[in-house]
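J.: Would you mind keeping the following structure in view while I ask a few things?
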Amino acid sequence: MIPLVYDQINGWGKDDEFFLALLKKLNVKKIADLGCGTGRLTTHFAKAGYHITAIDPNEEAIEYAKNKEYPGEVTWIIGDSSNLQTNAFDAVIMTANVAQVFLTDESWQHVISDAYRALKPGGHFLFDTRNPLAKAWEQWEKDMTPDVATSQASGESFEIWTEYEGFVEDIFTFYETVKNARTDDVVIHEKMQLKF
Numbered sequence: 010m011i012p013l014v015y016d017q018i019n020g021w022g023k024d025d026e027f028f029l030a031l032l033k034k035l036n037v038k039k040i041a042d043l044g045c046g047t048g049r050l051t052t053h054f055a056k057a058g059y060h061i062t063a064i065d066p067n068e069e070a071i072e073y074a075k076n077k078e079y080p081g082e083v084t085w086i087i088g089d090s091s092n093l094q095t096n097a098f099d100a101v102i103m104t105a106n107v108a109q110v111f112l113t114d115e116s117w118q119h120v121i122s123d124a125y126r127a128l129k130p131g132g133h134f135l136f137d138t139r140n141p142l143a144k145a146w147e148q149w150e151k152d153m154t155p156d157v158a159t160s161q162a163s164g165e166s167f168e169i170w171t172e173y174e175g176f177v178e179d180i181f182t183f184y185e186t187v188k189n190a191r192t193d194d195v196v197i198h199e200k201m202q203l204k205f
């Protein structure tokens, strides 16, 4: 995840509506948003009146999130699932397919254990993940055009190029490169991996 451009290339979608509707249906009040990133969805939860603890290991993403304007109560934490408080939440959520960044069974088991420990009795652990049978990567690999974003601070235009390495067993590897659209200078180059 590249915080500089994340919110612009990941607009509001059906999955976001789904999470908001599900939380309302479950009638929860206190939520941990694990893997909150830039707070793109977290701030909507705050606007809806939920008390949120938002956790992400990416310090830059948390700084972007903290600088957003939103009503409501959010506690931002740089960390991971081990930072979840015990018996503190009605729901622990992971949106935007965050569950796929845990590349080993052991790391996923730690997250599940930490989430279980953090939930109040009767609490809910909610997450989404891509269906491997849908083979989303086949559509990704066909798209050879860059995404485009503009810096909120400077107004500079960026192009986000994606290069796909493919699978090794059930891990899909790709690289995202953010370039200044005017100068073609590389601003950020990041390796990403997802487990299917």
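Note that the working numbering has the sequence shown beginning at 10, numbered continuously upward. Even for Gly, the Cβ is constructed at its ideal location relative to N, Cα and C. All values reported here derive from a predicted model rather than from experimental measurement.
1. Would you list the one or two residues that DSSP bridges to A41?
2. Would you call the segment 171-184 in contact with the segment 141-150, where contact means no fewer than 3 C-beta pairs closer than 8 angstroms?
3. What is the rounded straight-line gap between the Cα of Q17 and the Cα of K129?
4. When DSSP labels each residue in this structure, what does Y173 get in the three-state scheme?
5. So for Q56, helix, strand or coil by DSSP?
6. For P12, count neighbouring C-beta atoms within 10 Å of its own C-beta (all shown protein chains included) and say buried if the count is 16 or more, exposed if not.
7. Taking 8 angstroms as the cut-off, decide whether the C-beta atoms of F167 and V14 are in contact.
8. Based on Cα-Cα distance, which residue from A145, A162, Q161 lies nearest to F176?
9. Is V83 near T51, with beta carbons less than 8 angstroms apart?
10. Measuring CA to CA, which of D99, G132, A127 is closest to S91?
T.: This is what the structure holds:
1. In DSSP, A41 forms a bridge with T62, V101.
2. The answer is yes - the segment 141-150 touches the segment 171-184, with three or more Cβ pairs under 8 angstroms.
3. Distance between the alpha carbons of Q17 and K129 is about 35 angstroms.
4. strand
5. The residue asked about is misnamed: residue 56 is Lys in this sequence, not Gln. Three-state result, K56: helix.
6. buried
7. yes
8. A145
9. Against a cut-off of 8 angstroms, the Cβ pair of T51 and V83 comes out as a contact.
10. A127
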